[in-house]
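Take 11 as the starting number for the sequence shown in the numbering used here and just add one per residue.
Cβ coordinates follow ideal geometry from the N, Cα and C atoms, glycine included.
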Amino acid sequence: MNRPIAGPTHDKDLPVGRHPLQLYSLATPNGVKVTVMLEELLAAGHDGAEYDAWLIRINEGDQFSSGFVDINPNSKIPALLDHSGTTPVRVFESGSILLYLAEKFGAFVPTDPAARAECLSWLFWQMGSGPYLGGGFGHFYAYAPTKIEYAIDRFAMETKRQLDVLDRRLAESEYLGGSDYTIADMAVWPWYGALAKGLVYDAGTFLQVEDYTHLQRWTDQIAERPAVKRGRMVNRVMGDPASQLHERHDASDFDTKTQDKIGTDASGS
Numbered sequence: 011m012n013r014p015i016a017g018p019t020h021d022k023d024l025p026v027g028r029h030p031l032q033l034y035s036l037a038t039p040n041g042v043k044v045t046v047m048l049e050e051l052l053a054a055g056h057d058g059a060e061y062d063a064w065l066i067r068i069n070e071g072d073q074f075s076s077g078f079v080d081i082n083p084n085s086k087i088p089a090l091l092d093h094s095g096t097t098p099v100r101v102f103e104s105g106s107i108l109l110y111l112a113e114k115f116g117a118f119v120p121t122d123p124a125a126r127a128e129c130l131s132w133l134f135w136q137m138g139s140g141p142y143l144g145g146g147f148g149h150f151y152a153y154a155p156t157k158i159e160y161a162i163d164r165f166a167m168e169t170k171r172q173l174d175v176l177d178r179r180l181a182e183s184e185y186l187g188g189s190d191y192t193i194a195d196m197a198v199w200p201w202y203g204a205l206a207k208g209l210v211y212d213a214g215t216f217l218q219v220e221d222y223t224h225l226q227r228w229t230d231q232i233a234e235r236p237a238v239k240r241g242r243m244v245n246r247v248m249g250d251p252a253s254q255l256h257e258r259h260d261a262s263d264f265d266t267k268t269q270d271k272i273g274t275d276a277s278g279s
């Protein structure tokens, strides 16, 4: 699917559900950031955060449809369309969506200037660091057809440095932004929390993730949040069928429409 140009490859409109917030995504780490945020908002009592989550199968090229490109010209998930105003608002890039929702609902981002700056610094730290982890280490360690020792070593050292950055911060602070759970944690956890538990790239032993004890504490703490557990399930197409909710249109879907209950496989057939 790599190509040197942008734009759609085919014409197809995106579906639209009944809620103002329409999410088009897949449960990659970047997608999980947003579904966790939406579930946290609902858990905190923000009824306006009800949403429809539509599955975008990136391995099948759904992100190159004309409808998706209209929302995100970069053809990457997640993408959000907010119909709550007179004119729909498109929001793309996971960090941008987190900040948009935090400001829209006045939640999970501090109002104190110093605390807000700390939170946003860690949010953008993840946005800048993530490509080294995913596109760099993950690609060369797990996916590249040719194993290049220099590339693996280079990106492994950078990944371990990033893990140490997080571990040092979490040694002095309960959460990344301070004493409160914020969008900074929601942005970092799906990537680095999964890495710390050896759930991505099968690289836990190689990276010695157990050495980062403060990161492990934070990872476990966030994983126990009910909204996080729900957010991880949305648009998920891998793993235990009971953990897969391909589309989410109502809170009751978690109880009635996971793949183990509706009897279809991960491909949707």
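Within 10 angstroms of the beta-carbon of Tyr34 lie 16 or more other beta-carbons, which makes it buried.
By the CB criterion at 9 Å, Asp195 and Leu186 fall inside the cutoff. With a 10 Å radius around the Cβ and a threshold of 16 neighbouring Cβ atoms, Gln218 comes out exposed.
C-alpha of Tyr151 to C-alpha of Pro83: approximately 29 Å in a straight line. For Ala112, the enclosing alpha helix (DSSP H) begins and ends at Ser104 to Phe115. In this model, Tyr110 and Val101 are separated by some 8 Å (Cα to Cα). Ile193 is a Cβ neighbour of Val119, given a cutoff of 9 Å. Look at Leu52 here: in three-state DSSP terms it is helix. DSSP links Arg258 through a beta bridge to Ala63.
Assignment of beta-bridge partners to Ser75 by DSSP yields His20. The three-state reading of DSSP puts Asp212 in coil, since its state is none of H, G, I, E or B. The bridge partners DSSP lists for Arg100 are Leu91.
Between the region 39–55 and the region 154–174, the count of C-beta pairs closer than 8 Å stays below three; the two stretches do not touch. Taking 9 Å as the cut-off, the beta carbon of Ala63 is found no closer than this to the beta carbon of Phe115.
Between Gln269 and His259 a beta carbon distance of about 15 Å is seen, past the 8 Å cut, so the two are scored as non-contacting. Pairing Trp199 with Phe165, the inter-Cα distance amounts to about 20 Å. The three-state secondary structure of Leu186, taken from DSSP, is coil. Per DSSP, Ser139 lies in no beta strand (DSSP E) segment; the continuous alpha helix (DSSP H) that holds it begins and ends at Pro123 to Pro141. Excluding the 5 residues flanking it on each side, Asp21 has same chain C-beta neighbours closer than 6 Å at Ser76, in chain order. Nearest to Ile15 by alpha-carbon distance, out of Trp228, Val79, Arg171 and Gln32, is Val79. Arg171 and Thr96 have their alpha carbons spaced roughly 46 Å apart.
The DSSP-derived three-state label of Ser253 is helix. Non-local C-beta neighbours of Ile68 in its own chain, meaning closer than 7 Å and more than five positions away in sequence, comprise Leu36 and Ile87, ordered along the chain. Exposed is the label assigned to Ser189, since fewer than 16 other Cβ atoms lie within 10 Å of its Cβ. Assignment of Gln218 by DSSP, reduced to helix, strand and coil, places it in the coil class.
Taking C-beta atoms as the reference points, Trp201 and Gly140 count as a pair closer than 9 Å. Closest option to Lys207, judged by alpha-carbon separation, among Glu168, Arg242, Gln226 and Ser85: Gln226.
In this chain, Leu36 is not harboured by any alpha helix (DSSP H), its DSSP state being neither H nor E.
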